[in-house]
Amino acid sequence: MHEESTAMSPQEAEIRDRIQAWFGTITLGSASIFAVLIFSDRMDMEFVNFPAVWYSSRQLHLVLCGAMFLAAAVLLKSPPAVVKQYSRPLFQSCRLLTREQCHLCDDALAVLMTFQYALPPIEIVDIDDDPQLIRQFGESVPVVEINGRVRFRGAVQPALLRRMIDAAELRQERYEESPVVQKIGTVEDRSPQA
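Residue numbers (our numbering): 3 to 196.
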């Protein structure tokens with residue numbers, strides 16, 4: 003028996019989400035027009051000649067309009083955020099150098115925590131305990147080192163960190179798509195059996 007995979011590729015998921023958004027937008031627009039027509043009918047504004055079925059189904063108008071708005075809300079709901087799982091870590095290390103009573107250090111940690119899914123465990127180092135680090139970084143804290151290189155001094159810019167993560171993701175994807183990695187990944191274990 004041949005089993006088909008039910009998982010969608012990212013491109014298929016994006017196309018599905020766009021189609022769903024279009025249907026949601028059309029439903030929302032239709033519900034809005036319907037609401038205006040209901041209002042104009044209830045206020046005896048007769049700028050449109052309604053068919054006879056309109057008047058015979060008046061009690062259902064508000065229910066139908068509400069259902070249309072609810073359907074539009076469901077269709078326009080944002081898709082769940084996809085947290086990527088990496089076959090190997092994007093970065094090897096992440097250190098945050100701090101000092102006591104450093105408000106920027108707290109802000110830097112908060113920014114790093116928002117990107118925790120792409121970072122290794124954050125090592126927090128208090129430089130007040132190390133005279134060499136005090137000489138090296140002094141008042142420059144917070145300092146963020148990623149893979150042993152200083153990436154941020156002072157405030158951590160979320161946009162720059164996002165760009166750095168995006169670049170690492172791109173390198174990761176290229177690595178995983180390379181023919182050498184694919185060939186190694188398909189080789190069966192040929193160890194001698196006892």
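Glycine included, every Cβ here is placed at the ideal spot set by N, Cα and C.
Just so you know, these numbers come straight off a predicted model, no measurement behind them.
Residues in its own chain within less than 6 Å of R153 by CB, not counting five upstream and five downstream?
These residues qualify, in order along the chain: V146.
Please work out which residues of its chain come closer than 7 Å, Cβ to Cβ, to A200, disregarding the five sequence neighbours upstream and downstream, and give them in chain order.
Only positions 3 to 196 of the chain appear in this structure, which leaves residue 200 out of reach.
Suppose you measure from the CA of D168 to the CA of S32; what does that come to, to the nearest Å?
Computed Cα separation, rounded: 39 Å.
Cα-Cα, which of F71, T29, A170, V158 is closest to D109?
D109 has its Cα closest to that of V158, out of F71, T29, A170, V158.
Is it buried or exposed for I28, if we count other Cβ within 10 angstroms and need 16 for buried?
Counting Cβ neighbours within 10 Å, I28 comes out exposed, since fewer than 16 surround it.
When burial is assigned at 16 or more other CB atoms within 10 Å of the CB, is P53 buried or exposed?
Exposed, by the Cβ-count rule.
Taking 8 Å as the limit between beta carbons, can you name the residues of its chain near I124, skipping five residues before and five after?
The residues are C96, R97, L98, L111, L114, M115, Q118.
Less than 8 Å separating the beta-carbons of D131 and E102?
Their beta carbons are not under 8 Å apart, which means D131 does not touch E102 by this criterion.
Check C67 in the structure and name its three-state DSSP category.
Helix at C67.
What do you reckon, are the CB atoms on L106 and G156 nearer than 8 Å?
In this structure, G156 lies closer than 8 Å to L106 by Cβ.
Quick one: residues in its chain with C-beta nearer than 8 Å to the C-beta of E6, no 5 flanking neighbours on either side, listed in chain order?
Unreliable placement is indicated for E6, whose pLDDT of 46 sits below 50; the coordinate value is still reported in the next sentence. So the list is empty, once near-sequence residues are dropped.
Return the Cβ separation of L64 and I35 in integer angstroms, given the expectation that the two are a contact with Cβ distance under 8 Å.
That pair is no contact at about 15 Å.
Between D46 and I17, what straight-line distance do the alpha-carbon atoms span, to the nearest angstrom?
Computed Cα separation, rounded: 44 Å.
So, for Q94: in the same chain, excluding its five sequence neighbours on each side, which residues have a beta-carbon less than 6 Å away from its beta-carbon?
Excluding positions up to five away in sequence, the list reads N149.
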